[in-house]
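Visitor:
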Amino acid sequence: MTTATAALTKAGIRGFGFWKSLAVTLPMALLTAVFLIGQGGTEADPFGLAASAVTWLGLTVAFFLMLSTGKTDRIRSILFVLMALALVYTFMYEILTARGSNIVTDAVAIQGGVPFCHLVIPMIILPALATGTIIFPGSLLTGFASIAGMLVLWLGTTLVIGRGWCSWVCFYGGWDEGFSRLLKKPVIRNIPRRWTLFPWAFLLFIVLTSALTLSSVYCDWFCPFKAVTEYGAVNSALAVVQTVIFVSLFLGLVVVLPILTKRRTQCGLFCPFGAMQSLTNAVNVFDVRIDTEKCASCGLCIRRCPTFSIDAESLRKGRTLLTCTKCGQCVDECPRQAVAFHIKGTGAGVRPNLARVLFLYPAFLVFALMGGGMFAFAIGHLLRFVFTGSVA
Amino acid sequence: MSKIKSALGYLAAGLAVPLVLAALIGMEGWMRMIADTGVRISPWITGGAAALSLPHDGYQTRIHTPVFMGLLWETRDGFVQVDWTPKENAPAEIDEEIDYDNDGTADFRIRWDTRSGDVALTPYSDEVLYLEGKYELDESWSVRVRIKNPRG
Chain A
1 MTTATAALTK
11 AGIRGFGFWK
21 SLAVTLPMAL
31 LTAVFLIGQG
41 GTEADPFGLA
51 ASAVTWLGLT
61 VAFFLMLSTG
71 KTDRIRSILF
81 VLMALALVYT
91 FMYEILTARG
101 SNIVTDAVAI
111 QGGVPFCHLV
121 IPMIILPALA
131 TGTIIFPGSL
141 LTGFASIAGM
151 LVLWLGTTLV
161 IGRGWCSWVC
171 FYGGWDEGFS
181 RLLKKPVIRN
191 IPRRWTLFPW
201 AFLLFIVLTS
211 ALTLSSVYCD
221 WFCPFKAVTE
231 YGAVNSALAV
241 VQTVIFVSLF
251 LGLVVVLPIL
261 TKRRTQCGLF
271 CPFGAMQSLT
281 NAVNVFDVRI
291 DTEKCASCGL
301 CIRRCPTFSI
311 DAESLRKGRT
321 LLTCTKCGQC
331 VDECPRQAVA
341 FHIKGTGAGV
351 RPNLARVLFL
361 YPAFLVFALM
371 GGGMFAFAIG
381 HLLRFVFTGS
391 VA
Chain H
1001 MSKIKSALGY
1011 LAAGLAVPLV
1021 LAALIGMEGW
1031 MRMIADTGVR
1041 ISPWITGGAA
1051 ALSLPHDGYQ
1061 TRIHTPVFMG
1071 LLWETRDGFV
1081 QVDWTPKENA
1091 PAEIDEEIDY
1101 DNDGTADFRI
1111 RWDTRSGDVA
1121 LTPYSDEVLY
1131 LEGKYELDES
1141 WSVRVRIKNP
1151 RG
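Heads up: the protein sequence lines correspond to chains A and H, in order.
Heads up: the first sequence runs through residues 1 to 392, numbered per the numbering used here.
Heads up: the second sequence runs through residues 1001 to 1152, numbered per the numbering used here.
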């Protein structure tokens, strides 16, 4: 790092002081407290209450640190990975308690016993419009992760943070994000840009095939996360093929490639939901901009962006691509503080701290509400296990 | 103009948190609104609505509306679901002729030993193709029989 760059870095630290951070954290602490009360358990369950308190405290400290250090992604990433792990535990526990197995049998599907997941959304839209029906074996209003509940959450969040969903709310994204952070340097550096077009083609494919067959083609054939949640009974040659595909995609896209490339390859090169969600960035008020006057064109942001959302052309224009998940990694890492969260309609680089706080508030709030329940649930069980030897 | 755009930008950004809160606080209401659109789970999954119930001694045979739904037009074949419910009262050996189109003539016969799981389908017409599946549901013993679409 040159002396000039070092000076800029020092001058550009955007963390707030202690008291200002505390003051900005307080409303978030109150909001999360209101929503987290009782998430871990009832008054009769001291472990649940303790878990809620621990979760609330952890989230409050994390938000405070985001403000005081000026770093977004560094803290978000840890929470995001923890949420992915907490989801698997919570999901498995709920499913095993309700059904006794994480295998989706025909009987489970017929009775709407499959929790709804946002990855299905691209596939259900056309059939819902054309036939008034939802091609997913879940429950519309009741049970763990009902279809209507997830749709409301998705719509609300999408209006507010667009594809920020993929770095703040998606309870699967933490898997490839976690693996992508394991090595210090990538083994595979050059990934052809054309590969980033694949999710769009794949989105078109699954939307059309799902509409034509009135079945969730992605869930039936391509979802890598079946490997860590639930899957069909492996009782036929077809089911064996499907299972091999699920496990291969998980190992390839969620484990091996993220480790080797240090990128979120499932999210950036495969996920059709992510592609669809990118479109919502076009109408979302928050984005990430690059101040071209400050930018030294070092290309660090291009190399580091986990979802391939900055290229040379977009850098020249001072914008991220439509696929930006607003994770904040480029904002954190730019040595010249040239990258910042931005509010559309305002000038690039104008009041970046305010833009960042205005983005962090809804993004973190949605994260806390989505992840908080899972954290409280998992921590409650952990506490109960430590003190009683049983999670039940 | 740029000041107006800027003010609108900040206004929209400032509305983000209230929007999140509105989504969460009003969750039940929003969910009900989705349900009120009349959207329902695909009959290919649920088996469709029950069209006919035939009472027996302590249980009933429930014949669903045949499912031929396609995206824009009906499929050439589909299935009809038949339930015996409640399953606790249904005979261990189900043996029944089913008239799923309610034309007064039986279309197929199902013999199902629910203890061993052996099921036999005897089609009485060319429109009945094969047994698609047998299921033990929470409330019923159910079968799905593949059938041709008479309109297809």
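All C-beta atoms, glycine included, are put in the ideal place defined by N, C-alpha and C.
(1) Using a 10 Å radius around the Cβ and a threshold of 16 neighbouring Cβ atoms, would you call N1089 (chain H) buried or exposed?
(2) When you compare only the Cα positions, how much space is there between Q266 (chain A) and F80 (chain A)?
(3) What is the DSSP secondary structure of A6 (chain A), reduced to helix, strand or coil?
(4) So, are the CB atoms of S1042 (chain H) and I147 (chain A) less than 9 Å apart?
(5) Count the C-beta pairs between the segment 1114-1126 of chain H and the segment 1090-1099 of chain H that are closer than 8 Å, then say yes if the count reaches three, no if not.
(6) Run through DSSP, which three-state label would W1030 (chain H) get?
(7) Using the three-state DSSP reduction, which class does F377 (chain A) fall into: helix, strand or coil?
(8) By the three-class DSSP mapping on this structure, what secondary structure does K1087 (chain H) have?
(9) Which residues in chain H have a C-beta closer than 8 Å to the C-beta of G453 (chain A)? List them in chain order.
(10) Sorted by chain position, which residues of the same chain lie with C-beta nearer than 6 Å to F47 (chain A)'s C-beta, five sequence neighbours on each side aside?
(11) Along the chain, where does the beta strand (DSSP E) containing D1053 (chain H) start, and where does it finish?
(12) Assuming C223 (chain A) contacts F246 (chain A) (C-beta within less than 8 Å), just tell me the rounded distance between them.
(13) Could you list the residues in the segment 248-274 of chain A with a C-beta less than 7 Å from some C-beta on chain H, going in chain order?
(14) By Cβ distance below 6 Å, which residues in the same chain neighbour F202 (chain A) in space, the five residues on each side in sequence not counted?
(15) Does any CB atom of chain H fall closer than 9 Å to the CB of A128 (chain A)?
(16) Could you spell out the range, first to last residue, of the alpha helix (DSSP H) harbouring A51 (chain A)?
(17) Are L322 (chain A) and A363 (chain A) close, meaning C-beta to C-beta below 9 Å?
(18) DSSP has L1121 (chain H) in a bridge; who is on the other side?
(19) State the DSSP-derived secondary structure class of K344 (chain A), mapped to helix, strand or coil.
(20) Against G132 (chain A), what residues of chain H qualify as contacts under a CB-to-CB distance less than 9 Å, listed in chain order?
(21) Pick from A:A107, A:R163, A:L22, A:T209: whose alpha carbon is nearest that of D287 (chain A)?
(22) So the candidates are H:S1142, H:P1086, H:W1141; which of them puts its Cα closest to the Cα of D1057 (chain H)?
(23) CA-CA distance, A233 (chain A) and P137 (chain A)?
(24) Determine whether the beta carbon atoms of A84 (chain A) and G178 (chain A) lie at a separation below 9 Å.
(25) Within the same chain, show all residues whose beta-carbon is closer than 6 Å to that of T229 (chain A), passing over the 5 residues directly before and after it, in chain order.
(26) Look at the alpha carbon of C166 (chain A) and the alpha carbon of T158 (chain A), and state the distance between them as a whole number of angstroms.
(27) What residues in the segment 360-379 of chain A bring their beta carbon closer than 9 Å to a beta carbon of chain H?
(28) Which residues in chain H sit within 7 Å of Q111 (chain A), going by Cβ to Cβ distance?
(29) If contact means a Cβ-Cβ distance below 7 Å, which residues of the segment 338-356 of chain A contact chain H?
(30) By the 10 Å Cβ neighbour count, where 16 or more other Cβ atoms means buried, how is V187 (chain A) classified, buried or exposed?
(31) Would you mind telling me which residues of chain A sit closer than 7 Å to W1073 (chain H), beta carbon to beta carbon, in chain order?
(32) Write down the C-beta distance between L214 (chain A) and M1069 (chain H) rounded to the nearest angstrom, noting that I regard them as a contact closer than 8 Å.
(33) Leaving out five residues on either side along the sequence, give the residues of the same chain with a beta carbon under 7 Å from the beta carbon of L1015 (chain H).
(34) Is there a Cβ of chain A sitting closer than 9 Å to that of S1002 (chain H), yes or no?
(35) Considering just the uninterrupted stretch of the beta strand (DSSP E) at K1148 (chain H), what are its terminal residues?
(36) Could you tell me which whole alpha helix (DSSP H) segments of length 4 or greater appear in the segment 300-361 of chain A?
Guide: Reading it off the structure:
(1) Against the second sequence, residue 1089 (chain H) aligns to sequence position 89. Exposed.
(2) Here residue 266 (chain A) corresponds to residue number 266 of the first sequence, with the count starting at 1. Here residue 80 (chain A) corresponds to residue number 80 of the first sequence, with the count starting at 1. Q266 (chain A) and F80 (chain A): Cα-Cα distance of roughly 15 Å.
(3) Working through the first sequence from its first residue, we reach residue 6 (chain A) at position 6. Any reading at A6 (chain A) is ruled out, since the residue's pLDDT is 40, under 50, leaving its predicted position unreliable.
(4) Along the second sequence, one-based indexing puts residue 1042 (chain H) at 42. Along the first sequence, one-based indexing puts residue 147 (chain A) at 147. For the 9 Å CB-CB criterion, S1042 (chain H) and I147 (chain A) do not form a contact.
(5) yes
(6) Within the second sequence, numbered from 1, the residue matching residue 1030 (chain H) stands at position 30. Residue state, collapsed to three classes: helix.
(7) For the purposes of this step, residue 377 (chain A) is identified with residue 377 of the first sequence, where counting begins at 1. F377 (chain A) sits in a helix when the DSSP states are folded into three classes.
(8) As a first step, residue 1087 (chain H) is located in the second sequence; it is residue number 87 there, counting from the start. The answer is coil: DSSP assigns K1087 (chain H) none of H, G, I, E or B.
(9) Limits of chain A in this structure are 1 at one end and 392 at the other, which puts residue 453 (chain A) out of reach.
(10) Position 47 of the first sequence, counting from 1, holds the residue named residue 47 (chain A). Only G380, L383, R384 meet the Cβ criterion.
(11) Within the second sequence, numbered from 1, the residue matching residue 1053 (chain H) stands at position 53. In the sequence as presented, Asp is not what sits at residue 1053 (chain H); that position holds Ser. Here the beta strand (DSSP E) through S1053 (chain H) covers 1050-1055.
(12) As a working note, residue 223 (chain A) is residue 223 in the first sequence. As a working note, residue 246 (chain A) is residue 246 in the first sequence. Right, the Cβ-Cβ distance comes to about 6 Å (below 8 Å), so this counts as a contact.
(13) none
(14) For this step, residue 202 (chain A) is matched to residue 202 along the first sequence. Only P272 meet the Cβ criterion.
(15) Counting from one through the first sequence, the residue named residue 128 (chain A) turns up at place 128. Output row for A128 (chain A): interface = yes.
(16) By one-based count along the first sequence, residue 51 (chain A) stands at place 51. 46-69 is the span of the alpha helix (DSSP H), which, as asked, contains A51 (chain A).
(17) As a first step, residue 322 (chain A) is located in the first sequence; it is residue number 322 there, counting from the start. As a first step, residue 363 (chain A) is located in the first sequence; it is residue number 363 there, counting from the start. Going by C-beta atoms, L322 (chain A) is not nearer than 9 Å to A363 (chain A).
(18) Taking the second sequence and counting its residues from 1, one reaches residue 1121 (chain H) at position 121. Beta-bridge pairing links L1121 (chain H) to H:I1110.
(19) As a working note, residue 344 (chain A) is residue 344 in the first sequence. K344 (chain A) falls in the coil class under three-state DSSP.
(20) In the first sequence, the residue the question calls residue 132 (chain A) occupies position 132. Those are T1037, G1038, V1039, R1040, listed as they occur along chain H.
(21) Along the first sequence, read from residue 1 onward, the residue named residue 287 (chain A) stands at position 287. Distances from the CA of D287 (chain A) to each of A:A107, A:R163, A:L22, A:T209 were compared; the closest alpha carbon is that of A:R163.
(22) Translated into positions along the second sequence, residue 1057 (chain H) becomes position 57. Nearest C-alpha to D1057 (chain H): H:P1086.
(23) Looking up residue 233 (chain A) in the first sequence gives position 233. Looking up residue 137 (chain A) in the first sequence gives position 137. Looking at the two C-alpha atoms, the distance is approximately 15 Å.
(24) Here residue 84 (chain A) corresponds to residue number 84 of the first sequence, with the count starting at 1. Here residue 178 (chain A) corresponds to residue number 178 of the first sequence, with the count starting at 1. Yes, they are a contact pair.
(25) Sequence index remark: in the first sequence, residue 229 (chain A) carries index 229 (1-based). So the list reads F91, once near-sequence residues are dropped.
(26) In the first sequence, residue 166 (chain A) corresponds to position 166, counting from 1. In the first sequence, residue 158 (chain A) corresponds to position 158, counting from 1. C-alpha separation (whole angstroms): 10 Å.
(27) Taken in chain order, the members of the segment 360-379 of chain A whose beta-carbon sits within less than 9 Å of a beta-carbon on chain H are Y361, P362, A363, L365, V366, L369.
(28) As a position in the first sequence, residue 111 (chain A) is number 111, starting the count at 1. The answer, in chain order, is L1137, D1138.
(29) I343, K344, G345, T346
(30) Against the first sequence, residue 187 (chain A) aligns to sequence position 187. Counting Cβ neighbours within 10 Å, V187 (chain A) comes out exposed, since fewer than 16 surround it.
(31) Here the question's residue 1073 (chain H) lines up with position 73 in the second sequence. Residues of chain A passing the Cβ test: none, with the nearest at roughly 10 Å.
(32) Within the first sequence, the letter at position 214 stands for residue 214 (chain A). Within the second sequence, the letter at position 69 stands for residue 1069 (chain H). Indeed they touch by this definition, with Cβ atoms about 7 Å apart.
(33) Along the second sequence, one-based indexing puts residue 1015 (chain H) at 15. If we look at L1015 (chain H) and ignore the five residues flanking it on each side, it has no Cβ neighbours.
(34) Stepping through the second sequence from its first residue, residue 1002 (chain H) is reached at position 2. Chain A contact via Cβ: present.
(35) Counting from one through the second sequence, the residue named residue 1148 (chain H) turns up at place 148. From DSSP, the beta strand (DSSP E) with K1148 (chain H) extends over 1141-1148.
(36) 300-304, 312-317, 329-333
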